[in-house]
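Here's the structure, in structure tokens; my notes come after.
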Amino acid sequence: DLKVYIFYSSRTEPEILSVYEGYLTKLEEKNIEYEKIDISESKEKAKEFDIEVTPSICIVIQGEVEMRYEGLAHMKEVLGESMIGDIE
């Protein structure tokens, strides 16, 4: 059971998801479930995952956070083809 949580802030990064739309499409093509969470609107979820920096990505496997990436520098690395293949 694998799920990718993508945390962002619509207040400070309103365009961030459009920048990475191609990567999100790759997740969909590989049937990897993901959830985009705007911490401006879902403070509870951000607190649950202890999110302090956006954008952040948490990869959850069988209910446990196995990988966490914080900051813009990691977005391409995590959502890129090689990482998607690694987490399948």
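Residues 4 to 91 in our numbering are what the sequence shown spells out, letter by letter.
Note that the Cβ used here is the ideal one computed from N, Cα and C, for glycine as well.
Fair warning: this is a prediction, and the values are worked out from it, not measured in the lab.
Open item on the list: How far does the beta strand (DSSP E) with Tyr8 in it extend, from its first residue to its last?
Closed with: Taking the first residue of the sequence shown as 1, we reach residue 8 at position 5. Run containing Tyr8: Leu5 to Tyr11, per the beta strand (DSSP E) assignment.
- [ ] Could you round the C-beta distance between Ile60 and Ile19 to whole angstroms and report it? I think they count as a contact, below 8 Å.
- [x] The residue labelled residue 60 in the question sits at position 57 within the sequence shown. The residue labelled residue 19 in the question sits at position 16 within the sequence shown. Between Ile19 and Ile60 the Cβ distance is about 12 Å, and since that is not below 8 Å, they are no contact.
Open item on the list: With DSSP as the reference, identify every bridge partner of Ile35, one or two as the case may be.
Closed with: Within the sequence shown, residue 35 is the residue found at index 32, counting from 1. Answer is none; Ile35 lacks a bridge partner.
- [ ] Note down, in chain order, each residue of its chain lying with its Cβ closer than 6 Å to the Cβ of Lys68, except the 5 sequence neighbours on either side.
- [x] The residue labelled residue 68 in the question sits at position 65 within the sequence shown. Going by the sequence as given, residue 68 is Val instead of Lys. Result list for Val68: Cys61, in chain order.
Open item on the list: What would DSSP say about Ser59, mapped onto helix, strand or coil?
Closed with: To locate residue 59, count along the sequence shown from 1; it is residue 56. In this structure, Ser59 counts as strand in the three-state DSSP scheme.
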